[in-house]
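Enquirer: Residue numbers (our numbering), protein chains in the order written: chain A, 1 to 116; chain B, 117 to 229. Note that CB positions come from ideal geometry on N, CA and C, so glycine has one too.
#1: My guess is that residue 90 of chain A and residue 36 of chain A are in contact by the Cβ rule of under 8 Å, so how many angstroms apart are they, rounded?
#2: When the cut-off is 8 Å and only beta carbons count, does residue 190 of chain B lie next to chain A?
#3: Going straight from the alpha carbon of residue 194 of chain B to that of residue 80 of chain A, what length do you get?
#4: Could you run through the stretch 127-144 of chain B and flag, in chain order, every residue whose CB is less than 9 Å away from some CB of chain A?
#5: Can you pull the chain A residues whose beta carbon is under 7 Å from the beta carbon of residue 159 of chain B, in chain order?
#6: Does the Cβ-Cβ distance between residue 223 of chain B and residue 208 of chain B come in under 8 Å?
#7: State the Cα-Cα distance for the pair residue 105 of chain A and residue 3 of chain A, rounded to the nearest angstrom.
#8: May I ask which residues mark the beginning and end of the beta strand (DSSP E) holding residue 190 of chain B?
#9: Beta carbon of residue 29 of chain A, beta carbon of residue 95 of chain A: below 8 Å?
#10: Does residue 195 of chain B have its Cβ less than 8 Å from a Cβ in chain A?
#11: Let's see if you can read the secondary structure: which residues bound the beta strand (DSSP E) around residue 181 of chain B?
#12: Kindly list, in the order they appear in chain A, the residues whose Cβ is closer than 9 Å to that of residue 218 of chain B.
#13: Since I believe residue 141 of chain B is in contact with residue 188 of chain B (beta carbons under 8 Å), could you give me their beta-carbon distance rounded to a whole number of angstroms?
#14: Quick one, which of B/215, B/203, B/210, B/229 has its alpha-carbon nearest residue 160 of chain B's?
#15: Flag this pair as yes or no: are the beta carbons of residue 164 of chain B and residue 180 of chain B separated by less than 8 Å?
Quick look at the structure:
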């Protein structure tokens with residue numbers, strides 16, 4: 001069965017540290033890839049997405065992600081984190097085409113805590 | 117306001133009672149979803165709907181019922197609430213163009229005592 005793996009369930013960093021959150025998926029077909037963020041007490045918001053073109057995708061708040069097809073990965077990065085980045089981050093993959101076999105697969109999430 | 121609304125935002129109910137969580141979207145998106153979010157489990161899909169009158173089970177459908185008589189509404193009913201259904205419930209819809217981004221409602225925090 002298709003799946004999405006987020007390797008780190010909890011990450012604790014100091015402000016200004018660099019961040020990389022891993023995301024790997026298992027699906028051999030065409031996919032669209034997403035990173036969502038959930039700030040404490042809030043609902044999920046889209047951070048960035050990839051569906052075609054440049055595999056290096058830039059999102060909001062200085063985040064970026066790189067799609068490496070050969071590694072089935074879509075890792076999230078930020079060069080210098082801030083205390084306000086404390087949140088839970090979810091990787092998600094949609095399988096294509098969007099027909100009766102369509103699936104949206106979620107990773108288990110990574111809780112990121114930034115120490116001031 | 118455009119978007120997805122959920123009601124109620126908070127609900128406390130007793131074991132055995134029937135509870136309905138409401139979800140309304142203003143975009144006329146075809147696909148809608150119900151998730152529950154629990155510590156250690158991330159998001160788990162309960163039910164989804166591809167269009168009005170078309171629904172299908174997700175990963176954890178037991179104990180839940182959905183309906184979709186109108187495109188914009190997708191209520192979720194717990195027929196006989198159990199403590200294990202204490203959770204935060206999110207409704208979502210999908211934009212019908214690539215990359216099929218999901219939009220989420222604000223969530224309903226349900227406590228079953």
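Expert: Quick look at the numbers:
#1: Position 90 of the first chain, counted from the first residue, corresponds to residue 90 of chain A. Position 36 of the first chain, counted from the first residue, corresponds to residue 36 of chain A. About 5 Å; that satisfies the 8 Å criterion.
#2: Counting from 1 along the second chain, the entry for residue 190 of chain B is found at position 74. So no, residue 190 of chain B is outside the interface.
#3: In the second chain, the residue the question calls residue 194 of chain B occupies position 78. In the first chain, the residue the question calls residue 80 of chain A occupies position 80. Looking at the two C-alpha atoms, the distance is approximately 44 Å.
#4: Residues: none.
#5: Counted from its first residue, the second chain places residue 159 of chain B at position 43. Going along chain A in sequence order, the residues near residue 159 of chain B (Cβ under 7 Å) are 90, 106.
#6: By 1-based counting over the second chain, the position of residue 223 of chain B is 107. By 1-based counting over the second chain, the position of residue 208 of chain B is 92. No, the pair does not count as a contact, with Cβ atoms beyond the cut-off.
#7: Mapped onto the first chain, residue 105 of chain A falls at position 105. Mapped onto the first chain, residue 3 of chain A falls at position 3. So the two alpha carbons sit approximately 6 Å from each other.
#8: On the second chain, position 74 is the one that residue 190 of chain B refers to. If you look at residue 190 of chain B, you'll find it isn't in any beta strand (DSSP E); DSSP assigns it neither H nor E.
#9: As a first step, residue 29 of chain A must be located in the first chain, where it is residue number 29. As a first step, residue 95 of chain A must be located in the first chain, where it is residue number 95. In this structure, residue 95 of chain A lies closer than 8 Å to residue 29 of chain A by Cβ.
#10: Sequence index remark: in the second chain, residue 195 of chain B carries index 79 (1-based). For residue 195 of chain B, the answer is no, since every Cβ of chain A falls outside 8 Å of its Cβ.
#11: Along the second chain, one-based indexing puts residue 181 of chain B at 65. Segment 180-182, the beta strand (DSSP E) holding residue 181 of chain B.
#12: Taking the first residue of the second chain as position 1, residue 218 of chain B is located at position 102. Going along chain A in sequence order, the residues near residue 218 of chain B (Cβ under 9 Å) are 34, 36, 44, 46, 92, 94, 104.
#13: In the second chain, the residue the question calls residue 188 of chain B occupies position 72. In the second chain, the residue the question calls residue 141 of chain B occupies position 25. With 8 Å as the limit, residue 188 of chain B and residue 141 of chain B qualify as a contact, their Cβ atoms being about 6 Å apart.
#14: In the second chain, residue 160 of chain B corresponds to position 44, counting from 1. The shortest CA-to-CA distance from residue 160 of chain B to any of B/215, B/203, B/210, B/229 is the one to B/203.
#15: As a working note, residue 164 of chain B is residue 48 in the second chain. As a working note, residue 180 of chain B is residue 64 in the second chain. No, the pair does not count as a contact, with Cβ atoms beyond the cut-off.
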